[in-house]
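A.B. asks: Using the UniProt record's numbering, read the sequence shown as starting at 1 and increasing by one per residue.
The beta-carbon is built from N, C-alpha and C at its ideal position, and this holds for glycine as well.
This structure is a prediction, so every number in the text was calculated from the model and none was measured.
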Amino acid sequence: MPTSSLNIADLLDTLEADIRQQIASRKLANPLLIGIHSGGAWIAEQIHRRLRIAEPLGLLDITFYRDDFSQIGMHPNVKASQLPPHLEGRDIILIDDVFYTGRTIRAALNEIFDYGRPNQVLLAVLIERNGRQIPLQPDCRGARIDLPEGQRIKLTGPDPLGIDLQTLACAA
C-alpha cells in the first residue's frame, strides 16, 4: 500500500473489522484491551470505544522491558502501566501503532507475562511495515506497507491522529 493512501479513519475501520473477525473466530471471552504507550495507547482508545468494551482500557509502558537501551537511551518520560493485577487466564487484545522489528511487542509480552499467564493474546497494529527482526507478527492490521531503508513511519497525536513519514539522517 502506498504511504500516500494512508488515511487514519480507513485504517481504523479496517483494523476494527479485522479485530471483530478474530474475536469471533478465536472465541475471545470478555477480552481485555491493552495499548502500548504512546501511539498504541492512542489507537487502543479508539478501538476500545468502537468495540464498546466495558472493562477499562489497559495501558502498558514497556520502557523498562526494552532490549535496546544502549541504542536509544532511557526515555525521560516513563509512564506507569495501568493493568489489572491479575492477567492469569485472560484473553487479551494487545494494540500498537506501528509494527516494525517486533522488539516492542516482545517487551510488551514480557511485561504482560509478569502479571500472569494470559489464555491468549491477539496482536493488533494500525500499520505493519517491513523490517521484522524477531519471529512475531500481528494477527490484525489496518495496513501493511514497505518502506525503503532510512524511512520510518510515526503516528502523531493524540488529537487529531496523524501519520508522519520521516527520512532518518544518514550516519556519516
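Take aspartate 164 and list the residues in its own chain whose beta-carbon comes closer than 6 angstroms to its own, dropping the five residues that flank it on each side.
C.D. replies: For aspartate 164, where only same-chain residues beyond five positions count, the Cβ hits under 6 angstroms are Lys154 and Thr156.
A.B. asks: Could you tell me the distance, in whole angstroms, from the CA atom of arginine 129 to the CA atom of glutamine 46?
C.D. replies: Approximately 21 angstroms between the Cα atoms of the pair.
A.B. asks: With distances taken between CB atoms, is the gap from threonine 101 to isoleucine 134 smaller than 8 angstroms?
C.D. replies: Taking 8 angstroms as the Cβ cut-off, threonine 101 and isoleucine 134 qualify as a contacting pair.
A.B. asks: If you drop the 5 nearest sequence neighbours on each side, which residues of the same chain put their C-beta closer than 7 angstroms to that of asparagine 119?
C.D. replies: Excluding positions up to five away in sequence, the list reads Gly89, Arg90 and Asp91.
A.B. asks: State buried or exposed for arginine 141, treating a residue as buried only when at least 16 other CB atoms are found within 10 Å of its CB.
C.D. replies: Counting Cβ neighbours within 10 Å, arginine 141 comes out buried, since at least 16 surround it.
A.B. asks: Using the C-alpha atoms, what's the distance from proline 56 back to threonine 14?
C.D. replies: Cα to Cα, the separation comes out at about 23 angstroms.
A.B. asks: If you draw a straight line from the alpha carbon of aspartate 146 to that of alanine 169, how long is it in whole angstroms?
C.D. replies: The straight-line gap from Cα to Cα measures roughly 19 angstroms.
A.B. asks: Would aspartate 61 be called buried (16 or more neighbouring beta carbons within 10 Å of its own) or exposed?
C.D. replies: Buried.
A.B. asks: Counting along the chain, where does the beta strand (DSSP E) carrying glycine 124 start and finish?
C.D. replies: The question names glycine, but residue 124 in the sequence shown is alanine. Where alanine 124 is concerned, the enclosing beta strand (DSSP E) stretches over 120-129.
A.B. asks: In the DSSP output, which residue or residues are listed as bridge partners for alanine 143?
C.D. replies: Answer is Ile127, bridged to alanine 143.
A.B. asks: According to DSSP, which residues form a beta bridge with aspartate 159?
C.D. replies: Per DSSP, none; premise fails for aspartate 159.
A.B. asks: So the candidates are Gly58, Gly150, Val98 and Leu83; which of them puts its Cα closest to the Cα of leucine 12?
C.D. replies: The shortest Cα separation from leucine 12 among Gly58, Gly150, Val98 and Leu83 belongs to Val98.
A.B. asks: Serine 25: buried (16+ other C-beta within 10 angstroms of its C-beta) or exposed?
C.D. replies: It counts as exposed.
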